[in-house]
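Visitor:
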Amino acid sequence: NSILSIVLPAPKDPVLSVIFAYRDDPSPVKLNLSAGTYRTEEGKPLVLDVVRRAEQQLANDLSRDKEYLPLNGLPEFNKLSTKLILGDDSPAVKENRVVTIQCLSGTGSLRVGAEFLATHNKERVIFVPDPTWGNHPRIFALAGLSVEYFRYYDPKSRGLDFNGMLEDLGAAPPGAIVVLQACGHNPTGVDPTFEQWEQIRQVVRSKSLLPFFDSAYQGFASGSLDSDAQVVRMFVADGGECLIAQSYAKNMGLYGERIGALTIVCTSEDVAKKVEDQVLLVVRPMYLTPPIHGASIVATILKNSDMYNDWTIELKGMADRIISMRQQLYEAIQARGTPGDWSHIIKHIGMFTFTGLSEEQVHLIAKEYHIYMTYDGRISMASLSSKTVPQLADAIHAVVT
Ligand SMILES: Cc1ncc(COP(=O)(O)O)c(CN[C@@](C)(CC(=O)O)C(=O)O)c1O
């Protein structure tokens, strides 16, 4: 009998299982609000104009080859990525205590960081928000860390359970790792205020916890690269350690290029050197060296001030469109007199919003209205357009009335 017949069913991933259900729905009006990828007003994926120009420039440069990159990736890309997240005048960078390794987008950065921590961090417990991105628990568990949750989302207020969060972080053992989503929290769309982040920082530092930032949406949440990096910079400014996973999937639309970076801020240059050597011991047997194309696109754009400016304009355009979808959906729900307070839709930030719909309401909307969202009631605002907002508002009205 075949060996493969022992394959166990995969655990239900809230994002993937919906994508398959949507794919199998024959309805001509079906609407997929589950995948966290940007869509234009016409419902199409977007390749940024500045990315097309960068690729053209690269294709015309006949001096380029396809040799292996160094284990830590394209040096220019690493330097520019560090600057993008930490800012132009970061003391940590000036003191050479920052390590940046090009990784396979945000997921790869998280996994490489987790494998490094599983070997070297004395505390193997990693706290993640409740709820958090569906892939986080498995990334960290498979790396050998033990995953625990801290309270984050309050279903009643559809906002942050701030006291619960502070209490749980305050009770974490010294040296524990804490995953903090830098902006545009997935799946809830709920971010702490800057004042709340300052209190979170104080607890993290006073309890000697190790922050691991997941920065998958820099610039994509507020429309400003600097504003969406404020939280990370607030922690780095206090001289403490942290890890940061960066992704260019959303803010540069490079989903399929798998381009991101793991940055580790250490307490000294000497520690940074040792940390870099140990991280590269993770990389070499995992995928040897990272892919060259995505890194070359990013470096081409970040090192040229005109292209960088063009990028910030297109990036703000994407963020603004998502914010206007929030406004339009909120107004459409108000216009229908749908019962309940729906102001969270315009208070939330980033790609996603937790609608607050129950799992059975989500299933009902899929069955009756052919509108697909993840079972936790998350919708990707980027998947909406002015044309489809009424369809969603009608469906929400029907299932909550
Ligand atoms: C918070 C967070 N971190 C990291 C990643 C990883 O992205 P990357 O590896 O492409 O850089 C995602 C993507 N989450 C998506 C957009 C994709 C998915 O889960 O399939 C989502 O729909 O939630 C994310 O939402």
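Counting from 80, one number per residue, gives the positions in the sequence shown under my numbering.
Where a beta carbon is used, it is the ideal one built from N, C-alpha and C, also for glycine.
So S375 is in the alpha helix (DSSP H); what residue range does that whole segment cover?
Guide: Here the question's residue 375 lines up with position 296 in the sequence shown. From DSSP, the alpha helix (DSSP H) with S375 extends over 371-381.
Visitor: Please find out if some non-hydrogen atom of ligand 1 comes closer than 7 Å to the beta-carbon of S184.
Guide: On the sequence shown, residue 184 is found 105 positions in, with the first residue counted as 1. Yes, the beta carbon of S184 sits closer than 7 Å to at least one heavy atom of ligand 1.
Visitor: Taking the continuous beta strand (DSSP E) assigned at S184, which residues delimit it?
Guide: Against the sequence shown, residue 184 aligns to sequence position 105. Careful: S184 lies outside any beta strand (DSSP E), inside the alpha helix (DSSP H) at 184-199.
Visitor: Compare the Cα-Cα distances from S294 to each of C321, I380, P234, A461 and report the closest residue.
Guide: As a working mapping, residue 294 is identified with position 215 in the sequence shown. Among C321, I380, P234, A461, the Cα nearest to that of S294 is on C321.
Visitor: Go ahead and label H427 buried or exposed: buried means 16 or more other beta carbons lie within 10 angstroms of its beta carbon, across all protein chains shown.
Guide: Counting from 1 along the sequence shown, the entry for residue 427 is found at position 348. Label assigned to H427: buried.
Visitor: Below 7 Å, is the gap between the Cβ of N214 and the nearest heavy atom of ligand 1?
Guide: Here the question's residue 214 lines up with position 135 in the sequence shown. Flag set: Cβ of N214 near ligand 1.
Visitor: Once the 5 residues before and after G185 are set aside, which same chain residues still bring their CB inside 6 Å of it?
Guide: Residue mapping note: residue 185 aligns to position 106 of the sequence shown, counting from 1. Counting only Cβ-Cβ distances below 6 Å, and skipping sequence neighbours, we find A295, A324, S326, G339.
Visitor: To the nearest angstrom, how far is it from the Cα of V86 to the Cα of P216?
Guide: In the sequence shown, residue 86 corresponds to position 7, counting from 1. In the sequence shown, residue 216 corresponds to position 137, counting from 1. Rounded to the nearest angstrom, the two C-alpha atoms are 21 Å apart.
Visitor: Give me the DSSP bridge partner(s) of V258.
Guide: Your numbering for residue 258 matches position 179 in the sequence shown. Note: V258 sits in a beta bridge opposite F291.
Visitor: With contact counted as at least three CB pairs below 8 Å, one residue from each stretch, are the segment 381-397 and the segment 164-179 in contact?
Guide: Segments in contact, no.
Visitor: For M75, which of L259, Q309, P253 has the nearest alpha-carbon?
Guide: This structure gives no information on residue 75, because the portion of the chain shown stretches from 80 to 480.
Visitor: For F292, is the classification buried or exposed, using 16 other Cβ atoms within 10 angstroms of its Cβ as the cut-off for buried?
Guide: As a first step, residue 292 must be located in the sequence shown, where it is residue number 213. Flag for F292 reads buried.
Visitor: Decide if the segment 123-131 is in contact with the segment 141-152; the criterion is three or more beta carbon pairs, one per stretch, under 8 Å apart.
Guide: With the cut-off at 8 Å, the segment 123-131 and the segment 141-152 do not touch.
Visitor: Decide if R131 is buried, meaning its Cβ has at least 16 other Cβ atoms within 10 Å, or exposed.
Guide: Sequence index remark: in the sequence shown, residue 131 carries index 52 (1-based). Classification for R131: exposed.
Visitor: Please check the pair P210 and P290, which I expect to be a contact at CB under 8 Å, by giving their CB distance rounded to whole angstroms.
Guide: Counting from 1 along the sequence shown, the entry for residue 210 is found at position 131. Counting from 1 along the sequence shown, the entry for residue 290 is found at position 211. Rounded, the Cβ-Cβ distance is 19 Å, inconsistent with contact.
Visitor: Helix, strand or coil for E146, going by three-state DSSP, please let me know.
Guide: Here the question's residue 146 lines up with position 67 in the sequence shown. Residue state, collapsed to three classes: coil.
Visitor: Going by the C-beta, is S236 closer than 7 Å to any heavy atom of ligand 1?
Guide: Counting from one through the sequence shown, the residue named residue 236 turns up at place 157. Incorrect: S236 has no Cβ contact closer than 7 Å to ligand 1.
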